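In what follows, a single structure is set out as structure tokens and then discussed.
There are 4 protein chains.
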Amino acid sequence: MSVKQNIVEQSIRLFETKGFSETSIQDVVEALGVTKGTFYYYFQSKEQLLKEIHLMYIDELLKRQEQIIRRADINNKSKLMEIVRLLVNQIRENGRSARVFFREMRNLNPESAATVKQKRRTFRLNLQAIIEAGMREGEFRQDLRADLITFAILGMCNWSYNWFNPEGPATDEQLVETYMETLLHGMERLNKLTK
Amino acid sequence: MSVKQNIVEQSIRLFETKGFSETSIQDVVEALGVTKGTFYYYFQSKEQLLKEIHLMYIDELLKRQEQIIRRADINNKSKLMEIVRLLVNQIRENGRSARVFFREMRNLNPESAATVKQKRRTFRLNLQAIIEAGMREGEFRQDLRADLITFAILGMCNWSYNWFNPEGPATDEQLVETYMETLLHGMERLNKLTK
Amino acid sequence: MSVKQNIVEQSIRLFETKGFSETSIQDVVEALGVTKGTFYYYFQSKEQLLKEIHLMYIDELLKRQEQIIRRADINNKSKLMEIVRLLVNQIRENGRSARVFFREMRNLNPESAATVKQKRRTFRLNLQAIIEAGMREGEFRQDLRADLITFAILGMCNWSYNWFNPEGPATDEQLVETYMETLLHGMERLNKLTK
Amino acid sequence: MSVKQNIVEQSIRLFETKGFSETSIQDVVEALGVTKGTFYYYFQSKEQLLKEIHLMYIDELLKRQEQIIRRADINNKSKLMEIVRLLVNQIRENGRSARVFFREMRNLNPESAATVKQKRRTFRLNLQAIIEAGMREGEFRQDLRADLITFAILGMCNWSYNWFNPEGPATDEQLVETYMETLLHGMERLNKLTK
DNA sequence: CATGAATGAGAATTCATTCAT
DNA sequence: GATGAATGAATTCTCATTCAT
Numbered sequence: 001m002s003v004k005q006n007i008v009e010q011s012i013r014l015f016e017t018k019g020f021s022e023t024s025i026q027d028v029v030e031a032l033g034v035t036k037g038t039f040y041y042y043f044q045s046k047e048q049l050l051k052e053i054h055l056m057y058i059d060e061l062l063k064r065q066e067q068i069i070r071r072a073d074i075n076n077k078s079k080l081m082e083i084v085r086l087l088v089n090q091i092r093e094n095g096r097s098a099r100v101f102f103r104e105m106r107n108l109n110p111e112s113a114a115t116v117k118q119k120r121r122t123f124r125l126n127l128q129a130i131i132e133a134g135m136r137e138g139e140f141r142q143d144l145r146a147d148l149i150t151f152a153i154l155g156m157c158n159w160s161y162n163w164f165n166p167e168g169p170a171t172d173e174q175l176v177e178t179y180m181e182t183l184l185h186g187m188e189r190l191n192k193l194t195k
Numbered sequence: 001m002s003v004k005q006n007i008v009e010q011s012i013r014l015f016e017t018k019g020f021s022e023t024s025i026q027d028v029v030e031a032l033g034v035t036k037g038t039f040y041y042y043f044q045s046k047e048q049l050l051k052e053i054h055l056m057y058i059d060e061l062l063k064r065q066e067q068i069i070r071r072a073d074i075n076n077k078s079k080l081m082e083i084v085r086l087l088v089n090q091i092r093e094n095g096r097s098a099r100v101f102f103r104e105m106r107n108l109n110p111e112s113a114a115t116v117k118q119k120r121r122t123f124r125l126n127l128q129a130i131i132e133a134g135m136r137e138g139e140f141r142q143d144l145r146a147d148l149i150t151f152a153i154l155g156m157c158n159w160s161y162n163w164f165n166p167e168g169p170a171t172d173e174q175l176v177e178t179y180m181e182t183l184l185h186g187m188e189r190l191n192k193l194t195k
Numbered sequence: 001m002s003v004k005q006n007i008v009e010q011s012i013r014l015f016e017t018k019g020f021s022e023t024s025i026q027d028v029v030e031a032l033g034v035t036k037g038t039f040y041y042y043f044q045s046k047e048q049l050l051k052e053i054h055l056m057y058i059d060e061l062l063k064r065q066e067q068i069i070r071r072a073d074i075n076n077k078s079k080l081m082e083i084v085r086l087l088v089n090q091i092r093e094n095g096r097s098a099r100v101f102f103r104e105m106r107n108l109n110p111e112s113a114a115t116v117k118q119k120r121r122t123f124r125l126n127l128q129a130i131i132e133a134g135m136r137e138g139e140f141r142q143d144l145r146a147d148l149i150t151f152a153i154l155g156m157c158n159w160s161y162n163w164f165n166p167e168g169p170a171t172d173e174q175l176v177e178t179y180m181e182t183l184l185h186g187m188e189r190l191n192k193l194t195k
Numbered sequence: 001m002s003v004k005q006n007i008v009e010q011s012i013r014l015f016e017t018k019g020f021s022e023t024s025i026q027d028v029v030e031a032l033g034v035t036k037g038t039f040y041y042y043f044q045s046k047e048q049l050l051k052e053i054h055l056m057y058i059d060e061l062l063k064r065q066e067q068i069i070r071r072a073d074i075n076n077k078s079k080l081m082e083i084v085r086l087l088v089n090q091i092r093e094n095g096r097s098a099r100v101f102f103r104e105m106r107n108l109n110p111e112s113a114a115t116v117k118q119k120r121r122t123f124r125l126n127l128q129a130i131i132e133a134g135m136r137e138g139e140f141r142q143d144l145r146a147d148l149i150t151f152a153i154l155g156m157c158n159w160s161y162n163w164f165n166p167e168g169p170a171t172d173e174q175l176v177e178t179y180m181e182t183l184l185h186g187m188e189r190l191n192k193l194t195k
């Protein structure tokens, strides 16, 4: 692995554990056994490193989302499920990056933040478009606001970075299934009505 | 308003805008027109101030949750709705505090963090208990894991601190209704099945 | 005991343990359960308190030395012994004060320091005068410099504030006897000469 | 001379003049024309600097004492004399360091203090061993407690850091001779007895 | 590519002291 | 006599960044 890749890995680890502001360049280079000069050879600033971490994360998400959207073989409901799975998986597999991504956006400079925000917005609107398509095509109820539901789904999934532990009592696939089942059919006991 | 109250207000404002680590005591006292000595007359440390903000927030939430739980006149479904409303309202009314609360827990020292975490855990388990009661009493489906649904609900509601703007295109009551409707009945078009 | 006396007592205790500079007025008043205002009612400054402690100590020493010097019933050798006893006793009985006295002179302001230094000088010259009298009157050898011997005696005695512990393996009277015996007759084995 | 050496030199000078607590890092770096950052590049803390000063001093003393102890060509009386000379010389040559060494031990942190105390103890016990050997081998009287005499000698010599001035009316060699003569034969006029 | 020395601005915190009440 | 609020200057220490080598 390249020196630069190493720096990125270590800093994700440290930023997740201690926080971006609380992690010094010294911490990062000490964890790698190099000196500060080396860091500044590869990165112009601490902020640029954070920016790269953010872009790597959101670009990966967008790329995978794009692949889901383009699929012609599945309907919108399945696409929604794939996106829920994508979000949850991403947290399972790249939990550290996910936590840095969600927590440290404030520390980007205005331009970087704008870029990242725009991409996050794209991701959200892509999801919303799937829901709206599903509504038009009769898969989803039309009496709920697509924008608010989109936020609800993102909240549900993204929040799991706060607590989800792959070694814990629930697997990520159980999580996806429970979330999807709740989202699609709700938690109310229906046969109660038919009794 | 007392000087101490003023310090708390101003720091919530600044912590929300710039972040805890990025806000200096100097920033806080300058916003108030007092000196650093004054700050340290009222607070032992910057961390203690953050701790107080956290405790104020979570204690208020727990108190209101308690009131909802104790109500004998409503069923579990309504209690769930009240808690969703509580979370969303809290963000509408105390958005700043909410954002500080969710973002800055890392900056508490281990003991304070443990205290706050314990209280957050209590809030979550109280909510889970309502859901479990609803399952037992036939209000909710029994084939979904109560713990995961609890996280889903909390994620949904809490995430809104990231985007919800009371002046935006949706009111908080609309938000509550959409969330509850989705949670209870799901977003899938049901008459499709009956066709 | 008066409030002022209490302040003096507590601060001697704290100055000895933590050092003058490292002890804050806050520490002193907290140990007493009063407030800083009270301190400044009785003392103009922290330095003035230190000055009073110094003066109490050296004035007591000078007073007792005076009594020894004035005695007509004993010779210079006995007077020397009484002064050694005085110094050692003072450390046993007022160990804390002694330690503050020897260590914290640097923290007096120039005027206070001058006053105290003058009194310490007086004490030393009084002792030197006894030795010189003893030399003239045939009690002591005349081939040793009185000034240097005076310093030797003071060093011997004063140094004990660094280590002497009344509960330790030597009593203060043993200390006085050993010191006097060494000072008067030396530690060399004399019968070796007569062999 | 290296920057680090320079920092040590200047701080000894300042610590001696103003005291450790009363000397700020600012004072030190200003005296050198560098910045605070430079100080902290070389030392982790102010306390670590003090620790290094202490260790340099006591290690030098121990090294020289060791050389004296190992000598086979001189008896214990001469070894004692060499150690008295060592102490007095050290104060003459490194008066500043000596004063810092004797006055500022309180400002070491507990671990550093323990290390230094242990070394000081070793120095003292080495001296005591010489005296005990001298007693066993008939050079010194056996009716005096070796431990107390050791303290007496150390007090005599060390105290001179308080007053001894190489430019004053006594040379260091005179001081050594007077101290040794007093220690060995005492100050009492012996022929008085034989008259 | 990489280092090590240096910087300087700013951080949290302490504390003797004042003073109106 | 005593208090409590406030001050402001100073203190230790951190850290992103630079740069000659």
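Protein chains in written order, with full-length UniProt numbering: chain X, 1 to 195; chain F, 1 to 195; chain U, 1 to 195; chain D, 1 to 195.
Beta carbons are placed, not taken as given, at the ideal position from N, Cα and C, and that holds for glycine.
On a predicted model such as this, the values are computed, not experimentally measured, just so you know.
Within chain D, the residues placing a beta-carbon under 7 Å from that of Met187 (chain U) are Phe140, Arg141, Leu144, Ile149, Leu183, Leu184, ordered along the chain. For the set X:Gln128, X:Asp143, X:Gln26, X:Trp159, the Cα lying nearest the Cα of Thr150 (chain F) is the one of X:Trp159.
Residue nearest to Lys77 (chain X) within the set X:Gln174, X:Leu14, X:Gln128 is X:Gln128 (criterion: CA-CA distance).
The CB of Glu22 (chain X) comes closer than 7 Å to the CB of Ser21 in chain F, given here in chain order. Going by DSSP, Gln90 (chain X) is part of the alpha helix (DSSP H) stretching over 76–93. Here Glu188 (chain D) is bridged, per DSSP, to U:Phe140. Here the C-alpha atom of Gly33 (chain F) lies approximately 40 Å from the C-alpha atom of Lys119 (chain X). With a cut-off of 8 Å on Cβ pairs, the segment 165–174 of chain D is in contact with the segment 82–96 of chain D, counting three or more such pairs. A residue is called buried when at least 16 other Cβ atoms come within 10 angstroms of its Cβ; Gly186 (chain U) meets this threshold and is buried.
The alpha helix (DSSP H) runs lying completely inside the segment 132–180 of chain D and spanning 4 residues or more are 146–159, given in chain order. Interface with chain F (9 Å Cβ-Cβ cutoff): Leu32 (chain X) is excluded. The distance from the Cβ of Leu175 (chain U) to that of Leu148 (chain D) is about 6 Å, consistent with a contact at the 8 Å cut-off. Ile74 (chain D) is classed as exposed because its beta carbon has fewer than 16 other beta carbons within 10 Å across all chains shown.
Straight-line measurement puts the Cα of Val88 (chain X) at about 29 Å from the Cα of Arg136 (chain F).
In the three-state reduction of the DSSP assignment, Ser24 (chain U) falls in the coil class. Here Tyr179 (chain F) is buried. Its C-beta has 16 or more other C-beta atoms within 10 Å. Nearest to Asp143 (chain U) by alpha-carbon distance, out of D:Gly134, D:Thr182, D:Arg121, D:Gly138, is D:Thr182. For the segment 123–138 of chain X, the residues whose beta carbon sits under 7 Å from a beta carbon of chain F are, in order, Gly138. Sequence-ordered contacts of the segment 151–162 of chain X with chain F read Phe151, Ala152, Ile153, Leu154, Gly155, Met156, Cys157, Asn158, Trp159, Ser160, Asn162 [C-beta pairs closer than 9 Å].
With at least 16 other beta carbons inside 10 angstroms of its own, Tyr57 (chain D) counts as buried. The segment 100–114 of chain F makes contact with the segment 40–55 of chain F, as at least three CB pairs between them are under 8 Å. Residue-level contact by beta carbon fails for Phe101 (chain X) and chain F, as no gap is shorter than 9 Å. One thing to note: Ile7 (chain U) has its Cβ within 9 Å of the Cβ of Phe39 (chain U). Residue-level contact check: Phe43 (chain D) does not touch chain U, since none of the beta carbons of chain U fall below 9 Å from its beta carbon.
Restricting attention to X:Leu80, X:Leu61, X:Met105, the CA atom closest to the CA of Ala146 (chain X) is found in X:Leu80.
In this model, Phe123 (chain D) and Val29 (chain D) are separated by some 34 Å (Cα to Cα). Within chain U, Ala152 have C-beta atoms less than 7 Å from the C-beta of Tyr179 (chain D), given in sequence order. Residues of chain U whose Cβ lies closer than 7 Å to the Cβ of Leu175 (chain D) are, in chain order, Leu148. The beta carbon of Asp172 (chain U) sits closer than 7 Å to the beta carbons of Val88, Asn89, Arg92, Pro166 from its chain, once the five residues preceding and following it are set aside; these are given in chain order. Nearest to Arg141 (chain F) by alpha-carbon distance, out of X:Glu188, X:Pro110, X:Glu104, X:Tyr161, is X:Glu188. Cβ-Cβ distances below 7 Å link Ile25 (chain U) to Lys36, Phe39, Lys46 in the same chain, with the five nearest sequence neighbours on each side left out; the list follows chain order. Exclusion of the five residues before and after Leu86 (chain U) leaves Leu61, Arg64, Gln65, Ile68 as the residues of its chain whose Cβ lies within less than 8 Å of its Cβ. Burial state of Leu108 (chain X) is buried, judged by a 10 Å Cβ sphere holding 16 or more other Cβ atoms.
Spanning the alpha carbons of Tyr42 (chain F) and Thr17 (chain X) requires a straight line of approximately 30 Å.
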